[in-house]
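What follows is a set of notes on a single structure, which appears directly below.
Protein chains in written order, with my numbering: chain H, 1 to 395; chain B, 1001 to 1098.
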């Protein structure tokens, strides 16, 4: 029987929520990795039982976890949980947590510094993995977006990770600067119709596109306007919060920028604003309906200084016209005294019919809609602050 | 046999008890204890000291014989109480905040 699995990353562990296709009754499993920050959990599109998780701590660093049974059990790739067995296995032990920037001659431009908050140059320092994006056709291949901003890839199921150094080596690299959350590569979008094309987004550098499988990169920020940087239309320096596409129409991209909701119909070569009648065009997540490429969802937040919804009302906004015209979706969501935030990776859709929408809040609620956003119910209300949401349809 | 006490999160990561034992040949130092610990529990590589530089992570502290040896040379000889196994070498997550 078909089911839905929601993978939740929080400040204090990971949770797995499951339901049948009706999406009315849910079971909650967790916490996995209790006490650790789980920035992102995402399953392979070709093998839903293969799930990657980013487990991180300011004390103990970065851990990559992998499950091959749909989240029932986990291990660090290449390091068996049984220490004696691990030592005898011959695998490259302990390498799965190793994210080392490429400074080799082969990469061509071994950058060592980027711009700091005060405009000075600052050493490139690995902090954590923000986002994991499994390949669309190989469960052993997965991309990782990290802080300080760089793109890594594994082709052995997470046992080893190697930087795609052409991105960080772009000539604009030394001018990239951190956003409020750090200088993170937080969005990775793989084009399902063109294996060579990858999009990514960095706070605060902007959006980038590769047309050669990640070897070389091009900033795609024409049309963005950011008043908080010295040159509001600069090639890089924009605080892009999230990019989304529909798999059947990957040349159209939707972007939630620091301020402004944007749209591109030429693969990112140019952008136009589609904020329209939103009560605020500041926000973090943006996602596309599973079956309608012109239906998109955002969660307006009051401002970059006040990270909570306008008027204390938690409202998802839906546009059925690809932007400009938005309607508030409020049924089942708190409409007073609500001061939570919804972070950039914390909204996702399922592919059931009608399309299901899910988002998590910094207050620990995970809301689900099984009717395209018309109404909402909380699956669970008191988790730790939610960092990420991903959804799997299990057949 | 050297006794080593791990913080909670590293116990869960290594799936071990609070106290583990490792064998160190020759002079007992921080570096040799950590080398032996990571050899036995490879999933701890990178969690106590950085993968490449092998520098102690900033929020990790080391105690030996009730003394703070965090900032001692990693190649300094540790007290005989640690080398004999009388007392454990303690790896502690630094306390931040209240």
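Glycine included, every Cβ here is placed at the ideal spot set by N, Cα and C.
Assumed close pair residue i, residue j - CB separation to whole angstroms, cut-off 8 Å
i                      : j                      : result
residue 54 (chain H)   : residue 6 (chain H)    : Wrong, their Cβ atoms sit about 17 Å apart, outside the cutoff.
residue 170 (chain H)  : residue 131 (chain H)  : Actually they are not in contact, since the Cβ atoms of residue 170 (chain H) and residue 131 (chain H) sit about 19 Å apart, beyond 8 Å.
residue 1028 (chain B) : residue 1002 (chain B) : 6 Å
residue 75 (chain H)   : residue 66 (chain H)   : 6 Å
residue 145 (chain H)  : residue 214 (chain H)  : Actually they are not in contact, since the Cβ atoms of residue 145 (chain H) and residue 214 (chain H) sit about 12 Å apart, beyond 8 Å.
residue 23 (chain H)   : residue 360 (chain H)  : Actually they are not in contact, since the Cβ atoms of residue 23 (chain H) and residue 360 (chain H) sit about 16 Å apart, beyond 8 Å.
residue 252 (chain H)  : residue 270 (chain H)  : No, residue 252 (chain H) and residue 270 (chain H) are not in contact; Cβ-Cβ is about 12 Å, not under 8 Å.
residue 388 (chain H)  : residue 52 (chain H)   : Going by Cβ atoms, the distance from residue 388 (chain H) to residue 52 (chain H) rounds to 12 Å, so no, they are not a contact pair.
residue 1078 (chain B) : residue 1044 (chain B) : Incorrect: roughly 19 Å between the Cβ atoms, too far for contact.
residue 354 (chain H)  : residue 371 (chain H)  : 5 Å
residue 117 (chain H)  : residue 174 (chain H)  : At roughly 15 Å, the Cβ-Cβ gap does not stay under 8 Å, so residue 117 (chain H) and residue 174 (chain H) are not in contact.
residue 326 (chain H)  : residue 317 (chain H)  : 4 Å
is_contact[residue i, chain H] using C-beta, thresh 8 Å
i                      : result
residue 1004 (chain B) : no
residue 1060 (chain B) : yes
residue 1018 (chain B) : no
residue 1085 (chain B) : no
residue 1001 (chain B) : no
residue 1071 (chain B) : no
residue 1054 (chain B) : no
residue 1010 (chain B) : yes
residue 1013 (chain B) : yes
DSSP bridge partner residues for residue i (one or two, in chain order)
i                      : result
residue 259 (chain H)  : H:282
residue 264 (chain H)  : H:253
residue 1029 (chain B) : B:1077
residue 355 (chain H)  : Answer is none; residue 355 (chain H) lacks a bridge partner.
residue 131 (chain H)  : H:145
residue 153 (chain H)  : H:143, H:162
residue 1083 (chain B) : DSSP, once it has assigned bridges, lists no residue as partnering residue 1083 (chain B).
residue 1035 (chain B) : DSSP, once it has assigned bridges, lists no residue as partnering residue 1035 (chain B).
residue 187 (chain H)  : H:201
residue 220 (chain H)  : DSSP, once it has assigned bridges, lists no residue as partnering residue 220 (chain H).
is_contact[residue i, chain B] using C-beta, thresh 8 Å
i                     : result
residue 36 (chain H)  : yes
residue 392 (chain H) : no
residue 79 (chain H)  : yes
residue 76 (chain H)  : yes
residue 30 (chain H)  : no
residue 98 (chain H)  : yes
residue 9 (chain H)   : no
residue 43 (chain H)  : no
residue 13 (chain H)  : no
residue 312 (chain H) : no
residue 356 (chain H) : no
residue 223 (chain H) : no
residue 94 (chain H)  : yes
Cβ neighbours of residue i in the same chain (closer than 7 Å, five flanking residues each side left out)
i                      : result
residue 45 (chain H)   : 134, 136
residue 1063 (chain B) : 1069, 1090, 1092
residue 148 (chain H)  : 114, 124, 125, 126, 127, 183
residue 344 (chain H)  : 186, 241, 242, 284, 285
residue 1074 (chain B) : 1029, 1030, 1031
Other residues of its chain near residue i: CB distance less than 6 Å, five sequence neighbours each side excluded
i                      : result
residue 330 (chain H)  : 315
residue 394 (chain H)  : 3, 5, 48
residue 381 (chain H)  : 365
residue 205 (chain H)  : 176, 236
residue 1094 (chain B) : 1059, 1061
residue 260 (chain H)  : 273, 275, 281
residue 250 (chain H)  : 191, 193
residue 283 (chain H)  : 256, 298, 299, 300, 301
residue 246 (chain H)  : 288, 293
residue 1041 (chain B) : 1014
residue 976 (chain B)  : Because chain B is modelled from 1001 through 1098, residue 976 (chain B) falls outside the range shown and cannot be assessed.
residue 352 (chain H)  : 21
Cutoff 8 Å: residue i Cβ touching any chain C Cβ
i                     : result
residue 121 (chain H) : Absence of chain C from the displayed structure is noted, the protein chains being H and B.
heavy atom of the ligand COA below 7 Å from residue i C-beta
i                     : result
residue 190 (chain H) : This structure lacks the ligand COA, and indeed carries no ligand of any kind.
Own chain, CB closer than 8 Å to residue i, minus 5 neighbours either side, in chain order
i                     : result
residue 139 (chain H) : 44, 46, 47, 50, 157
Scan the region 50-70 of chain H for residues whose Cβ lies nearer than 8 Å to a Cβ of chain B and list them as they occur along the chain. Residues 57, 58, 59, 60, 61, 62, 63.
Members of the region 156-184 of chain H near chain B, C-beta cut-off 7 Å: Those residues of the region 156-184 of chain H placed with their C-beta closer than 7 Å to a C-beta in chain B do not exist.
Can you give me, in chain order, the residues of the region 1022-1051 of chain B that have a beta carbon less than 9 Å from any beta carbon in chain H? For the region 1022-1051 of chain B, which is checked against every Cβ of chain H, the residues closer than 9 Å are 1038, 1039, 1040, 1041, 1042, 1043, 1044, 1045, 1046, 1047, 1048, 1050, 1051.
Under 8 Å, CB to CB, which of the residues in the region 364-383 of chain H have a partner in chain B? The region 364-383 of chain H vs chain B, Cβ under 8 Å: nothing.
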